[in-house]
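With the numbering used here as the guide, the letters of the sequence shown map in order to residues -3 to 206.
Step one of this worksheet: look at the structure below.
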Amino acid sequence: MLARKLGQQLGRPTQSLVGWVLSKFFKVHNHLLEENAVKLSEIQPDETVLELGHGPGLGLQEAVQKLTGPQGKLLGVDYSEYMHRMASERLQEQIAAGKVKLFLSDVAEMPIADNSVDKVFHCNCYYFWPDLKRATKEIHRVLKPGGLMVTTIRLDRVALFASKKVFPSENWRPEAYMQALESSGFTDIRMEERKHKLIQYEAIFATAAK
Ligand SMILES: C[S@@+](CC[C@H](N)C(=O)[O-])C[C@H]1O[C@@H](n2cnc3c(N)ncnc32)[C@H](O)[C@@H]1O
-3 MLARKLGQQL
7 GRPTQSLVGW
17 VLSKFFKVHN
27 HLLEENAVKL
37 SEIQPDETVL
47 ELGHGPGLGL
57 QEAVQKLTGP
67 QGKLLGVDYS
77 EYMHRMASER
87 LQEQIAAGKV
97 KLFLSDVAEM
107 PIADNSVDKV
117 FHCNCYYFWP
127 DLKRATKEIH
137 RVLKPGGLMV
147 TTIRLDRVAL
157 FASKKVFPSE
167 NWRPEAYMQA
177 LESSGFTDIR
187 MEERKHKLIQ
197 YEAIFATAAK
């Protein structure tokens, strides 16, 4: 019961005491994953980059610093009103300047044009998607031919959460996500072990073949 409620808040935080505590938790514990997802995306100054399930906006903040060219653009999608508002406040200057655009939207149905994005990254997000195939098809749709998807995970932590029944399904398993990517038209799908200082994490990469 408690685990299910925690899972609901992690999957779609609301403006509440638990939502607020979790937003602080994301900032402290997930910064490493966000920072490394941005690094591994190898963002170029004039690219269009999209973060899915951005939460409070730490990854967005990292990514926007790489987009220094006049064409460089950052997009974000999150369906939690609370997180959308928090990230919008964090990036208000860049939003006002037209550099960043955030959408209050489901990953499975994004208001983003076909073949318009160079890189997509996300952290701690796909475990909550009820239909992985629908989401990966949507990611494939918005990516340009040859576009890159990167996600970073701390698998040991995720498996521990899963053992406590925090997630709604078995979709947290990397194999399930990678299978959905493959059936949606991605190629060169691989998971690599990485280290940041003493902390081990995993990164999944996939390229949108078109
Ligand atoms: C556990 S939080 C992670 C936030 C941030 N990426 C981090 O690692 O700190 C998951 C985020 O993904 C968002 N999310 C989950 N499923 C989503 C979906 N189907 N569409 C859009 N956002 C989603 C939630 O609202 C939440 O902000």
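Virtual Cβ for every residue (Gly too), placed ideally from N, Cα, C.
Small disclaimer: the values here were computed from a predicted structure and weren't measured.
- Residue pairing by DSSP places residue 74 opposite 100 in a beta bridge.
- When 161, 36 and 12 are compared, the shortest CA-CA separation from residue 146 is found for 36.
- A direct Cα-to-Cα measurement between residue 139 and residue 118 gives close to 14 angstroms.
- The closest CA to that of residue 0, considering only 164, 185 and 40, is found on 164.
- In terms of Cβ geometry, residue 183 and residue 29 do not form a close pair [threshold 8 angstroms].
- In the three-state scheme derived from DSSP, where H, G and I count as helix and E and B as strand, residue 50 is classed as coil.
- Fully enclosed beta strand (DSSP E) runs of no fewer than 3 residues occupy 139 to 149 and 182 to 192 of the region 116 to 203, in order along the chain.
- For residue 92, the enclosing alpha helix (DSSP H) starts and ends at 88 to 92.
- Contact check for residue 128 and residue 202: beta-carbon distance about 13 angstroms, past the 8 angstroms limit, so the pair fails to qualify.
- Secondary structure at residue 35: helix, using DSSP grouped into helix, strand and coil.
- By the C-beta density criterion, residue 196 is exposed, having fewer than 16 other C-beta atoms within 10 angstroms.
- Of all alpha-carbon atoms in 171, 179 and 204, the one lying nearest the alpha-carbon of residue 188 is that of 171.
- Residue side-chain check: residue 125 places its Cβ nearer than 7 angstroms to a non-hydrogen atom of ligand 1.
- When the five nearest sequence neighbours on each side are left out, the beta carbons in the same chain lying within less than 7 angstroms of the beta carbon of residue 192 are those of 28 and 32, in order along the chain.
- Remark: C-beta atoms of residue 101 and residue 91 do not approach each other more closely than 8 angstroms.
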